[in-house]
Structures are given as C-alpha cells and as structure tokens.
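Participant: Residue numbers (full-length UniProt numbering), protein chains in the order written: chain H, 1 to 270; chain X, 1 to 270.
Cβ atoms here follow ideal geometry from the backbone N, Cα and C, with glycine treated the same way.
Can you read through this structure? Questions will come right after.
And the structure:
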C-alpha cells in the first residue's frame, strides 16, 4: 500500500486565530486535492505559539471536542484522510496542554499531550503524562509526538517499539541560527530518529514571525533510511510537502541479513 | 582549557599490517606536530577489517599489551597526548574482540570491546559485555565507543550520563551509498548523538578499498550543539582533521535557562 503523506508548513499568527484556522483548512484541502491520505499540520496550528502568558493560552484553549478538532474531523471525513495537528487543549481537568490530535474517518482517535516542554511553555502548559500514542489507521500505524519531544531519542524509540510505522510530528521550531551551509539540527535529529528506528517521520513546521520569534521552517518527510523524501524546506515560507510512503517498509527493521535495529539492541546494558 | 583534537582518517589495507602501523604512527606524529593533545584513529587501524574469516582475524589479534598498544603508548608518551584507536584484541579469555584502547601519558587506561557488532563481525568477534568506559584524562573525560555502537542512541546517552565530555569514535563505515547532496547518515547520527547529550564527538573513519568494500570516509569532529567543528570529510581519502575543543562546554547541559538535556528527560515514561 502506498500512502501519499503531506506536511503542511503554515504561516501562523498568534493574533489571528481565524486566519490560522482558514490557512490550515486551505492547506488540508489542497493536500487532499493532490492525493494526500495523511496530512500533518504544525504544533498549535490555530492558536499560535508565542503567548503573552498563561492567561492568553487559557483563553485560546479548547476542549478536545472544540472548534479546532471538530473542524479537522469534518475535513478528515470530507476528504477521507488521516489528519494530525497541534492544538491548545483545555483538559477536562481544567489544565491547559500543548496537544495534538489524530483524526481518521472523521473521528478523533487519539489526543497526545506534549511531555517535553520547551522554555516558556513550562509557564503555560501542563506536561503530558503518557507515551506517544500509536494508532492503527487507514494509512498504517501512526504515532504522534510534538516538537521538542523529538530531541529525546527515547521518544522515537518508544513510538517505534510500540509499532509505529509513521511518526507524525507537529512542530514549531524556533530559529536559533546555524552555521552557513548546515541543515537545521532539528531536521538532523528527525533523520537520526527515523534511521535509528526504521520509521517514517512527517514533520510539519510553521513560519510567520510572531512577537519577535522566527522559525526554522524545516518541514520534512523522512524515510526509514533517514534520508528526506521531501524537504527539508529550510526556508520560513508556507509550503506543502508531499511524498509517497509504503508504511510496510517500516516493519522491516533489518539493515542486512545480520543486523536489525531492535534485536541488535542490548537492553541488558542500557 | 582548550584542547586541540585530531581525527586521523587513514588508508588501511588488510593485507599490509606493517604499512597500516606506519601510517597510523605517521598520522599521530603529524597530529602531535600540529598541536593535537587528543588523537583518534580508526577502528581496527592496524589489522584491517575485511577478514577472510575468523581464522585470519585470530591471526591478527594481539593482547592488550601487544605490539599495537605498546606502539601507541610510546607515541602517547613521546608527544604527551591522549590516543584512542581500534585494534583486533586477543582477550586473556582466548576470544577475539573488536576493541579500542585509550592511552594517556604512555599508559593504557581503558580497553573497550565493541558491543554492537556489524554484519560479518558476528562471525569473527565476541561482543563486549560492558558499557563504554569514561576515562578522566589530561584532556578531559573521554568515552570510547566503536562504529555501529553509535547507531544506538542509548550508547551516546550512557556515555554522556557517565560524565563523558568527549566521545572518541573509531569507525570503519562501509559505504552503502546515499542520495546526491546528502551528508552520510553515519555523520548525521553522530551530530544527533552529540546534540542530544551536549558532548563532543571525535569520529575517525578509514579509507582504502579493501576486498571489494569501500568506505564513507566521513571523519568528523562535532561540537555539543551538533554542528561539525571539522569535517565531515565525506571523501574516501586520507585526511587529518583538527579542531579546538573546550571540554567544559560539554558540562553545560542547559539549552536555555529553562531547558536541560538531562533534567528534561522523563525516565518515568521511558
């Protein structure tokens, strides 16, 4: 089975939620028109990211059956696709989470709450308490993690060991500079995570300077060998990346007849 | 303290042990002449790699006080440097190991036996049973691992958590091809391992086609931010890479005042 996957790099503006919603919907529609059956949107795709503080984040927060997820379920149903995107979640426990939802066939199948929080997120969000979900969908087994989570090799490993064929990675990668000619290290980490575990990774980054923060714009779709299938964009402009994936490739963890990325591990020594 | 580190990418030939020894000694001498105080040589730097089988490897194997280590101790003493290189070890238990020695001030300080064995190595070598050693040397705390070990993010993590500031990585990276314009994935993994743990990595690869196997020639010296300080060579020719390192940089595991690569980990979930 070949699945066309899309990574939507969007311009997002924390002062224009309605515009963010519209741009996300347009990107999903365009991805669907071009044949995508798995579409990944950035982290906090509708709310924006650079909040003035916890109060603003809480104002933007929505329950998991709120407007953002409802909209995305409608798009998923209309186009028959799996959609993963980040949203600012108001939990039933009253806490605010940096979350991502996976919807399939018009239904939310999993909400993941970001565990590893970056910088001022620690003032704004409650960290998640669960491992990345791995959901059996119409396009294969898809895991969800968010941005800084991907800097922890343990997280890729757990998702892959739980059976993920594809890791969907909504991100907002702040641009902290890099030496000339170097690929963003966020992309390097995604490549290494894919290769170490022989999984696909679909990373959707954002663009659009927000309250003084600019972004890498490093969206990429990476194969189980660690090489990009599409992207990295490495340019902070809107972009739609598309790539054809065979999820079953991610079930083959062997590197050659003698090496296998899981069975060669030495958990007795780790 | 600034330490000049050297990675010696050497032409190695399994049919010319004497020549391999001479080239290794010349490279160390040249590195010393140029001010290096830490010198890393490739995996199996004197024996060669592509053995006809276990018998040939056993013929080449030397005890940890054999010719290779003795030579390297002499070079270490003469030039006052820390030297790490790979050798084919005949253990006191009679088994053959793919090992690397760290010598400092003319004395062997640690012998590491490769744990994660690649392909036909499984026919030839006994796997090691210990974690990478971390040795307090005159140039900082140096860990030793070998080649395929570095494909396991767990191994970088363990070395860094045990206090390593610099990971010395003798390698023989067989060239399995890559898409045009792509950096070798072996280098990508080294970059990710360095960045995930905020350590330096000094990787010394080999060159010289051997019994039909060619090599990446991807030697690199990478900083704690994951970007190369020297290399990657990405060319299968002899090369001497030099870079000035401040080992203390690797003690700072913070990414900003709110993020820290170790304390942000969630071992309760791993």
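1) Applying a beta-carbon distance threshold of less than 8 Å, which residues of chain H neighbour residue 44(X)?
2) How far does the beta strand (DSSP E) with residue 85(X) in it extend, from its first residue to its last?
3) Write down every uninterrupted run of the alpha helix (DSSP H) in the stretch 46-132 of chain H whose length is 4 residues or greater and which is fully enclosed by it, in chain order.
4) So which residues of chain X does residue 269(H) contact, with C-beta pairs closer than 7 Å?
5) What is the DSSP secondary structure of residue 20(H), reduced to helix, strand or coil?
6) DSSP on residue 39(H), reduced to helix/strand/coil?
7) Checking 7 Å against the spacing of the C-beta atoms, do residue 238(X) and residue 11(X) come in under that value?
8) Quick check: what's the CA-CA separation for residue 67(H) versus residue 161(X)?
9) In three-state DSSP terms, what is residue 215(X)?
10) Let me know if residue 121(X) comes out buried or exposed under the rule of 16 or more other beta-carbons within 10 Å of its beta-carbon.
11) Output, in sequence order along the chain, the residues in the stretch 186-212 of chain X whose CB is closer than 8 Å to any CB in chain H.
12) My understanding is that residue 87(X) touches residue 147(X), with C-beta atoms under 8 Å, so please give their C-beta distance in whole angstroms.
13) According to a CB-to-CB cut-off of less than 9 Å, which residues of the stretch 95-123 of chain H neighbour chain X?
14) CA-CA distance, residue 107(X) and residue 135(X)?
15) Would you grab the beta carbon distance between residue 5(H) and residue 221(H) for me? Rounded to a whole angstrom, and I think it's under 8 Å.
16) Going by CA-CA distance only, name the one from 245(H), 127(H), 241(H) that's closest to residue 40(H).
17) Could you run through the stretch 172-186 of chain X and flag, in chain order, every residue whose CB is less than 8 Å away from some CB of chain H?
18) Looking at the structure shown, is residue 196(H) part of a helix, part of a strand, or coil, going by DSSP?
19) I'd like the ranges of any alpha helix (DSSP H) spanning at least 4 consecutive residues and lying wholly in the stretch 131-174 of chain H.
20) Any residues in the stretch 152-164 of chain X with a beta carbon nearer than 9 Å to a beta carbon of chain H? Which ones, in chain order?
21) Just checking residue 129(X) against the ligand NAP - is the residue's beta carbon closer than 6 Å to any of the ligand's heavy atoms?
22) Can you list the residues of chain X that residue 226(H) reaches, using a CB-CB cut of under 7 Å?
23) Apply the 10 Å Cβ neighbour rule to residue 223(H) and answer buried if 16 or more other Cβ atoms are within range, or exposed otherwise.
24) Is residue 247(X) helix, strand or coil by DSSP?
25) Can you find a CB in chain H that lies within less than 7 Å of the CB of residue 266(X)?
26) Put residue 11(H) into one of helix, strand or coil per three-state DSSP.
27) Listed from N- to C-terminal order along the chain, which residues in the stretch 242-263 of chain H have their beta-carbon within a distance smaller than 7 Å of any beta-carbon of chain X?
28) Between which two residues does the beta strand (DSSP E) holding residue 235(X) run?
29) Put residue 206(H) into one of helix, strand or coil per three-state DSSP.
30) Which two residues bound the contiguous beta strand (DSSP E) that contains residue 222(X)?
31) For residue 192(H), I'd like the list of residues in its chain whose CB is within less than 7 Å of its CB, leaving aside the five on either flank, ordered along the chain.
32) So residue 210(X) and residue 13(X) are supposed to be a Cβ contact under 8 Å. How far apart are they, rounded?
33) By the three-class DSSP mapping on this structure, what secondary structure does residue 201(X) have?
34) Please report how far the alpha carbon of residue 149(H) lies from the alpha carbon of residue 269(X), in whole angstroms.
35) According to DSSP, which residues form a beta bridge with residue 240(H)?
36) Rank 194(X), 183(X), 139(X) by C-alpha distance to the C-alpha of residue 159(X) and give the top, closest one.
Facilitator: Taking the geometry as given:
1) Counting from 1 along the second chain, the entry for residue 44(X) is found at position 44. Simply none; closest approach about 18 Å.
2) Counting from one through the second chain, the residue named residue 85(X) turns up at place 85. Where residue 85(X) is concerned, the enclosing beta strand (DSSP E) stretches over 82-90.
3) Within the stretch 46-132 of chain H, the runs of alpha helix (DSSP H) that reach at least 4 residues and sit entirely inside it are, in chain order, 54-60, 67-79, 121-124.
4) By 1-based counting over the first chain, the position of residue 269(H) is 269. Chain X residues near residue 269(H): 115, 131.
5) To locate residue 20(H), count along the first chain from 1; it is residue 20. Here residue 20(H) sits in helix by DSSP.
6) Within the first chain, numbered from 1, the residue matching residue 39(H) stands at position 39. Strand at residue 39(H).
7) Residue mapping note: residue 238(X) aligns to position 238 of the second chain, counting from 1. Residue mapping note: residue 11(X) aligns to position 11 of the second chain, counting from 1. Against a cut-off of 7 Å, the Cβ pair of residue 11(X) and residue 238(X) comes out as a contact.
8) Translated into the one-based positions of the first chain, residue 67(H) becomes position 67. Translated into the one-based positions of the second chain, residue 161(X) becomes position 161. If I take the Cα positions, the gap works out to 44 Å.
9) Residue 215(X) sits at position 215 when you count from the first residue of the second chain. DSSP places residue 215(X) in strand when its eight states are reduced to three.
10) Position 121 of the second chain holds residue 121(X). Label assigned to residue 121(X): buried.
11) Against chain H - using a Cβ distance shorter than 8 Å - the residues of the stretch 186-212 of chain X are 188, 189, 191, 192, 193, 195, 196.
12) Residue 87(X) sits at position 87 when you count from the first residue of the second chain. Residue 147(X) sits at position 147 when you count from the first residue of the second chain. Between residue 147(X) and residue 87(X) the Cβ distance is about 13 Å, and since that is not below 8 Å, they are no contact.
13) 115, 116, 117, 118, 119, 120, 121, 122, 123
14) As a working mapping, residue 107(X) is identified with position 107 in the second chain. As a working mapping, residue 135(X) is identified with position 135 in the second chain. Using only the alpha carbons, I get a separation of about 12 Å.
15) Reading the first chain from its first residue, position 5 is the one you call residue 5(H). Reading the first chain from its first residue, position 221 is the one you call residue 221(H). The pair is a contact, with the Cβ atoms about 6 Å apart (cut-off 8 Å).
16) Here the question's residue 40(H) lines up with position 40 in the first chain. For residue 40(H), the nearest C-alpha among the options comes from 241(H).
17) Going along the stretch 172-186 of chain X in chain order, one finds 178, 179, 182, 183, 185 with a Cβ nearer than 8 Å to chain H.
18) Sequence index remark: in the first chain, residue 196(H) carries index 196 (1-based). Residue 196(H) falls in the helix class under three-state DSSP.
19) For the stretch 131-174 of chain H, the full-length alpha helix (DSSP H) segments reaching 4 residues or more read 153-161 along the chain.
20) From the stretch 152-164 of chain X, only 152, 153, 154, 155, 156, 157, 158 have a Cβ closer than 9 Å to chain H.
21) With respect to the ligand NAP, the structure shown offers nothing to examine, as it has no ligands at all.
22) Working through the first chain from its first residue, we reach residue 226(H) at position 226. Under the 7 Å cutoff, chain X gives 185, 188.
23) The count along the first chain starts at 1 and reaches residue 223(H) at position 223. It counts as buried.
24) For the purposes of this step, residue 247(X) is taken as residue 247 along the second chain, with counting starting at 1. In this structure, residue 247(X) counts as helix in the three-state DSSP scheme.
25) Within the second chain, residue 266(X) is the residue found at index 266, counting from 1. It does; some Cβ of chain H falls within 7 Å.
26) Position 11 of the first chain holds residue 11(H). For residue 11(H), the three-state secondary structure derived from DSSP is strand.
27) 256, 258, 259
28) Here residue 235(X) corresponds to residue number 235 of the second chain, with the count starting at 1. Premise fails: residue 235(X) is in no beta strand (DSSP E) and is neither H nor E.
29) Walking along the first chain from the start, residue 206(H) turns up at place 206. The answer is strand: DSSP assigns residue 206(H) an E or B state.
30) To locate residue 222(X), count along the second chain from 1; it is residue 222. First-last of the beta strand (DSSP E) with residue 222(X): 220-222.
31) To locate residue 192(H), count along the first chain from 1; it is residue 192. Contacts found: 226.
32) Along the second chain, one-based indexing puts residue 210(X) at 210. Along the second chain, one-based indexing puts residue 13(X) at 13. Contact holds; Cβ gap of about 6 Å.
33) In the second chain, the residue the question calls residue 201(X) occupies position 201. DSSP places residue 201(X) in strand when its eight states are reduced to three.
34) Taking the first residue of the first chain as position 1, residue 149(H) is located at position 149. Taking the first residue of the second chain as position 1, residue 269(X) is located at position 269. The straight-line gap from Cα to Cα measures roughly 12 Å.
35) Numbered from its first residue, the first chain carries residue 240(H) at position 240. In the DSSP assignment, residue 240(H) is bridged to 8(H).
36) The residue you call residue 159(X) lines up with position 159 of the second chain. The residue with the shortest Cα to Cα distance from residue 159(X) is 194(X).
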